[in-house]
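Position 376 (the sequence shown) corresponds to 399 in this note's numbering; numbering is contiguous. Each residue gets a CB set at the ideal place from its N, CA and C atoms; glycine is no exception. All figures in this text were calculated on a predicted structure; none of them were measured in a lab.
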Amino acid sequence: MDTVLGFASLFVAFVAALVLIPRIIRMAMDRGWVDRPDGERKLHDQPTPALGGLAIAAGAVIGFVVLYAGWALFGHPASGPAVLHPTFWVGMLVVVGVGVYDDLYDVSPKAKFLVQLAAAYLLLHGGYRLDLSTLPLFEALDPYQRALYEIPLTLLWVVGVINAVNLIDGLDGLAGGLAVIGLMTLGAIFGLNGHWDVTLLILPLIGAILGFLWHNFNPASIFMGDTGSLLLGYVLAAYSLQAEVAVEPALTLLVPAVVLGVPIMDTTLSILRRLASGRSVFAPDHDHLHHRLRARFSVRTAVYILYVAAGLLGLAAAVMSQLPLGAGLLLFGSVVVMGASGLWSLGYRLWGVKDALTPDVVEETFTVDLEHTGARSVPPTPRPMRPSTMSFDRAPIVREIESVPHDLAA
24 MDTVLGFASL FVAFVAALVL IPRIIRMAMD RGWVDRPDGE RKLHDQPTPA
74 LGGLAIAAGA VIGFVVLYAG WALFGHPASG PAVLHPTFWV GMLVVVGVGV
124 YDDLYDVSPK AKFLVQLAAA YLLLHGGYRL DLSTLPLFEA LDPYQRALYE
174 IPLTLLWVVG VINAVNLIDG LDGLAGGLAV IGLMTLGAIF GLNGHWDVTL
224 LILPLIGAIL GFLWHNFNPA SIFMGDTGSL LLGYVLAAYS LQAEVAVEPA
274 LTLLVPAVVL GVPIMDTTLS ILRRLASGRS VFAPDHDHLH HRLRARFSVR
324 TAVYILYVAA GLLGLAAAVM SQLPLGAGLL LFGSVVVMGA SGLWSLGYRL
374 WGVKDALTPD VVEETFTVDL EHTGARSVPP TPRPMRPSTM SFDRAPIVRE
424 IESVPHDLAA
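Given below as structure tokens:
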């Protein structure tokens, strides 16, 4: 019965999001609530609704209602009832509310950061925190001393994951697909370790995101917007903080990091790149992982590549959760080496200064299947990078183009 209830909640959440999105598209187009290209951060071709996150939130809540109603009628799972603390729901409401306001009117990066910090504090208050008590350097400390480390690290983790998902949201279907892979991995880790109740609580979220992806996959008719990216980052951070109950204690910090390896890696590189060039960490640029891949592949192929990378990382994380400390660390080291090799193949370097690619190289490496994507390609003008102790090769960057939105409810 537990399995039936879980997949029923997934299906209901999927259908709810699927049905809501055409209505959101129509409402947004009628009222002018669209994401307009600006030539800098927003490089799609036509004004496109960006309130898809509302459908994800609504679909997930409807799925949760089905799940909890089923438990009330037929009994809780054998492992006991899974409970999401009230502060989880309050924090979710906060990030969705701010996301909607940002999609409609814009919110400054600093204001969004403060809101993310507040949401992280709500999770912390509800018992979602990194537990360092089993780590060698911290196990001898009393709870109050450990809290001096656990509290800031938890806040940093939540804010970092939220921003990582926000930054990776640059291609049709990318952030949503990576979130599904991350949630599936966390669900598998909980299930493999006997916490099926928590696994069931992940299914409504997966269903709602899949319903959104039906409309968001290339060519997208709607974007998730900050409403969606803030929400997905928030729930991924919250669920990953619970992973400590399902892994070798000494691997508590590493397993969630591997699960979310793609967005975390992209965010880390973005921060280092901007600091190295003397820019604000909030400044937009076009040198993310998906930009590098778009310089060589179509939108769909670039997204598929990152899906595969996330899937392999998820598999590694699930295996790590079943291993003792030594074997887990060995696997983690292998993941780091393979990740570094992948970054090297995309042209990232952590030392020296490389000149920008010359126009003829840009012309040669800029290959896009226009018939497949329906996109209009606009290669950028290469520019040299400011010398510094850390630099990154400038691969040719492609303007990300979305097709004209179509009314799916017609």
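Buried versus exposed call for residue i [16 or more other C-beta atoms within 10 Å across all chains shown]
i	result
residue 364	exposed
residue 180	buried
residue 165	exposed
residue 91	buried
residue 258	buried
residue 338	exposed
residue 169	buried
residue 97	exposed
residue 30	exposed
residue 43	buried
residue 219	buried
residue 298	exposed
residue 275	buried
residue 175	exposed
residue 109	exposed
residue 134	exposed
residue 171	exposed
residue 333	buried
residue 39	buried
residue 350	exposed
residue 277	buried
residue 358	buried
Residue interval of the alpha helix (DSSP H) (run including residue i)
i	result
residue 189	166–191
residue 139	132–148
residue 33	25–54
residue 355	348–368
residue 110	109–128
residue 199	197–215
residue 327	322–343
residue 91	75–97
Close beta carbons around residue i, own chain, < 8 Å, minus the five adjacent residues each side
i	result
residue 264	146, 151, 152, 153, 177, 180, 181 and 279
residue 58	65, 67, 70, 71, 72, 73, 126, 246 and 248
residue 238	41, 44, 45, 48, 75, 244, 245 and 431
Alpha carbon of residue i to alpha carbon of residue j, nearest angstrom
i	j	result
residue 295	residue 316	19 Å
residue 305	residue 132	7 Å
residue 326	residue 163	45 Å
residue 242	residue 249	19 Å
residue 217	residue 51	44 Å
residue 13	residue 251	In the structure as shown, the chain begins at 24 and stops at 433. Residue 13 is therefore absent and cannot be evaluated.
residue 322	residue 193	10 Å
residue 387	residue 121	Per-residue confidence for residue 387 stands at a pLDDT of 37, beneath the threshold of 50, marking its modelled position as unreliable; the derived number appears in the next sentence. Taking the straight line from one Cα to the other gives about 43 Å.
residue 229	residue 236	10 Å
residue 53	residue 254	25 Å
residue 126	residue 77	11 Å
residue 215	residue 25	16 Å
residue 352	residue 262	22 Å
residue 3	residue 155	Missing from the structure shown is residue 3; the chain here goes from 24 to 433 and no further.
residue 189	residue 137	15 Å
residue 37	residue 318	33 Å
residue 289	residue 46	33 Å
residue 368	residue 361	11 Å
residue 234	residue 159	44 Å
residue 354	residue 128	45 Å
residue 195	residue 167	45 Å
residue 266	residue 48	36 Å
residue 231	residue 256	15 Å
residue 292	residue 79	28 Å
residue 41	residue 346	39 Å
residue 356	residue 191	24 Å
residue 148	residue 202	24 Å
Nonlocal neighbours in the same chain, by C-beta distance under 7 Å from residue i, ignoring five residues either side
i	result
residue 141	117
residue 208	282, 337, 340 and 341
residue 227	32, 33, 36, 83, 86, 87 and 90
Sequence-distant residues of the same chain with beta carbon closer than 6 Å to residue i, five excluded per side
i	result
residue 205	259, 282 and 283
residue 394	Reliability fails at residue 394, whose pLDDT of 37 lies under 50, so the model's placement of it is uncertain and no value is given.
residue 123	250
residue 225	206 and 210
residue 312	289
residue 143	178, 181 and 182
residue 286	187, 188 and 191
Cβ-heavy atom distance, residue i to the ligand ATP, below 6 Å
i	result
residue 260	Because no ligand of any kind appears in the structure shown, any question about the ligand ATP cannot be addressed here.
Beta strand (DSSP E) segments (min. 3 residues) lying fully within the stretch 238–262: none
Continuous beta strand (DSSP E) assignments of at least 3 residues falling wholly in the stretch 268–320: none
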